[in-house]
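Novice:
Residue numbers (the numbering used here): 32 to 465.
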């Protein structure tokens, strides 16, 4: 391994430790997307998930990362740029054995006389004294005695919030008290997802976050990895929201241009008309509605929808799509793709994740030019998934029942939704036929 490769491996390990998501070999597509978002937020540099996969060796690539990529990764890890990280990296250890020691003196075969009799023992004593002096000069100072940390009392902390407006985008102003926290240990976790944490100044009392998409968020004030305060944040959408995920701010599409001809559809003409590039990496388009499913719970629901992926050019050949049932503090994420791309799929339901690289999710590789009838039901702790009238998966939920708050569709490129039906044992609660 070359010195540059070793440095890059060290930087990867530092970022993995910083994120706390485990080894990069275990990361999912969602993890690389999340890392891409975090790097862009921290450095204002957009590194695509594909680029990050190449850096982590998840995609075969022989060229070295660009300087821009290396600088952004180093900045995300807390350094000014790649050169600063390289300068701060520890140098390769150098052997401390003096070259002179390699020459062992051969004693005279004749009996030593006078001072020569003591020359060898004296030399050994001098070497011992020299070694002791070197050790005293360079040995690390003893670590100070550890004092027991004071227990964290949640009553010493406060967290509240105030949305600035209704709908999205929406700025949420958080007020908090955390001055009794240990230094550099206070975080705001924006939702149930532990990865969505922002570091706070313990001596400040205000932090503002922008939420670009509607949903249910359980904001947490975290001190030393202990949740001390929690507050429920429910951002309704006031109808359907159509958006394109681009950095740093999504592009919203007028609903009257999206909802027509009996369906919701984002088209190629709409995106190109906004000046959005569809190649080499197509953007993700989103259709979301939050606030129509109150009273529907994950252990008693029926969900039916009809959707179609409408773009398969270039890098969108896999036609990835996700249907997300948004729950309080959780979600049911149903992935779809072209048949040949199921290894990249990641399904989340009932508090557990199924990855296409170690689970047979081939039944979800049905995307093509045709409409797809997708259904999901929850009953007495069992979640059942059906595609085009055929049951493809059933699993037992590992989490307590959660109330449903909305739905989101995501397409790599663009897609259409023809129908949505959500209900419970009492009948249909929400129907959309557009």
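By construction, the Cβ of each residue, glycine as well, lies at the ideal position given by its N, Cα and C atoms.
Going straight from the alpha carbon of residue 361 to that of residue 208, what length do you get?
Specialist: Distance between the alpha carbons of residue 361 and residue 208 is about 27 Å.
Novice: I'd like to confirm the pairing. Which residues does DSSP put opposite residue 454 in its beta bridges?
Specialist: Answer is 333, 459.
Novice: Tell me whether residue 33 sits in a helix, a strand or coil according to DSSP, three-state version.
Specialist: The answer is coil: DSSP assigns residue 33 none of H, G, I, E or B.
Novice: Using three-state DSSP, classify residue 174 as helix, strand or coil.
Specialist: Caution applies to residue 174, whose pLDDT of 48 falls short of 50 and renders its modelled position unreliable; the value that the coordinates give is listed next. Correct three-state label for residue 174: coil.
Novice: Run through the region 363-415 for me and flag every whole alpha helix (DSSP H) of 4 or more residues, listed as ranges in chain order.
Specialist: None, since the region 363-415 contains no complete alpha helix (DSSP H) of that length.
Novice: Checking the sheet assignment: what are the DSSP bridge partners for residue 220?
Specialist: According to DSSP, residue 220 bridges with 228, 251.
Novice: Whose CA, out of 461, 295, 278, lies closest to the CA of residue 285?
Specialist: The shortest Cα separation from residue 285 among 461, 295, 278 belongs to 295.
Novice: Which class does residue 237 belong to by DSSP, given the choice of helix, strand or coil?
Specialist: Residue state, collapsed to three classes: strand.
Novice: With distances taken between CB atoms, is the gap from residue 432 to residue 341 smaller than 9 Å?
Specialist: Cβ atoms of residue 432 and residue 341: not closer than 9 Å.
Novice: State the DSSP-derived secondary structure class of residue 299, mapped to helix, strand or coil.
Specialist: DSSP places residue 299 in helix when its eight states are reduced to three.
Novice: With the cut-off set at 9 Å, would you say residue 368 and residue 345 are in Cβ contact?
Specialist: In this structure, residue 345 does not lie closer than 9 Å to residue 368 by Cβ.
Novice: Within 10 Å of its beta-carbon, does residue 435 have 16 or more other beta-carbons around it, so buried, or fewer, so exposed?
Specialist: Answer is buried; the Cβ neighbour count reaches 16.
Novice: Measure the beta-carbon distance from residue 349 to residue 372 and round it to whole angstroms, keeping in mind my assumption that it falls under 8 Å.
Specialist: 4 Å between Cβ atoms; contact.
Novice: Report the three-state DSSP secondary structure of residue 429 (helix, strand or coil).
Specialist: Correct three-state label for residue 429: coil.
Novice: Where does residue 127 sit, in a helix, a strand or coil, going by DSSP?
Specialist: Confidence in residue 127 is poor, its pLDDT being 40 and thus under 50, which makes the residue's placement unreliable; the coordinate value appears in the next sentence. Correct three-state label for residue 127: coil.
Novice: Which one of 318, 86, 106 has the shortest CA to CA distance from residue 97?
Specialist: Considering only alpha carbons, the answer is 86.
Novice: Got a sec, what are the start and stop residues for the beta strand (DSSP E) residue 194 sits in?
Specialist: It spans 189-194 - the beta strand (DSSP E) in which residue 194 sits, taken as one unbroken run.
Novice: Residues in its own chain within less than 8 Å of residue 352 by CB, not counting five upstream and five downstream?
Specialist: The answer, listed in chain order, is 338, 340, 366, 367, 368, 398, 440, 441, 442, 443, 446.
Novice: According to DSSP, which residues form a beta bridge with residue 263?
Specialist: DSSP, once it has assigned bridges, lists 249 as partnering residue 263.
Novice: Note down the Cα distance separating residue 56 from residue 89, rounded to an integer number of angstroms.
Specialist: Those two C-alpha atoms are separated by around 7 Å.
Novice: Less than 6 Å between C-beta atoms, sequence neighbours within five positions excluded: which residues of the same chain meet that for residue 145?
Specialist: Caution is warranted here: a pLDDT of 47 is assigned to residue 145, below 50, making its placement in the model unreliable, and no coordinate value can be reported.
Novice: What separation, rounded to the nearest whole angstrom, lies between the Cα atoms of residue 310 and residue 301?
Specialist: Near 15 Å, if we compare the C-alpha coordinates of residue 301 and residue 310.
Novice: Between the alpha carbons of residue 255 and residue 192, how many angstroms are there, rounded?
Specialist: The straight-line gap from Cα to Cα measures roughly 22 Å.
Novice: Please report how far the alpha carbon of residue 322 lies from the alpha carbon of residue 336, in whole angstroms.
Specialist: About 18 Å.
Novice: Is it buried or exposed for residue 184, if we count other Cβ within 10 angstroms and need 16 for buried?
Specialist: Exposed, because fewer than 16 other Cβ atoms sit within 10 Å of the Cβ of residue 184.
Novice: Could you say which of 268, 282, 45, 236 lies nearest to residue 247 if we only look at CA atoms?
Specialist: With distances taken between Cα atoms, residue 247 lies closest to 268.
Novice: Please classify residue 304: does DSSP put it in a helix, a strand, or coil?
Specialist: Residue 304 falls in the helix class under three-state DSSP.
Novice: Which partner residues does residue 43 have in the DSSP bridge list?
Specialist: Answer is none; residue 43 lacks a bridge partner.
Novice: State the DSSP-derived secondary structure class of residue 95, mapped to helix, strand or coil.
Specialist: Coil.
Novice: Of the residues 69, 99, 113, which one's Cα is nearest the Cα of residue 42?
Specialist: Considering only alpha carbons, the answer is 113.
Novice: By the three-class DSSP mapping on this structure, what secondary structure does residue 205 have?
Specialist: It is a strand residue.
Novice: Measure the Cβ-Cβ separation of residue 108 and residue 45 and say whether it is below 9 Å.
Specialist: Their beta carbons are under 9 Å apart, which means residue 108 touches residue 45 by this criterion.
Novice: Under 8 Å by Cβ, that's how I've got residue 237 and residue 202 pegged, so tell me the actual separation to the nearest angstrom.
Specialist: The pair is not a contact, with the Cβ atoms about 12 Å apart (cut-off 8 Å).
Novice: Nearest CA to the CA of residue 51: which residue from 190, 116, 228?
Specialist: Of the listed residues, the one whose Cα sits closest to residue 51 is 228.
Novice: Could you pull out every unbroken alpha helix (DSSP H) segment of at least 4 residues lying fully inside the region 54-84, listed in chain order?
Specialist: Segments of the alpha helix (DSSP H) lying fully in the region 54-84: 60-74.
Novice: Going by beta-carbon coordinates alone, are residue 198 and residue 245 separated by less than 9 Å?
Specialist: Yes, the pair counts as a contact, with Cβ atoms nearer than the cut-off.
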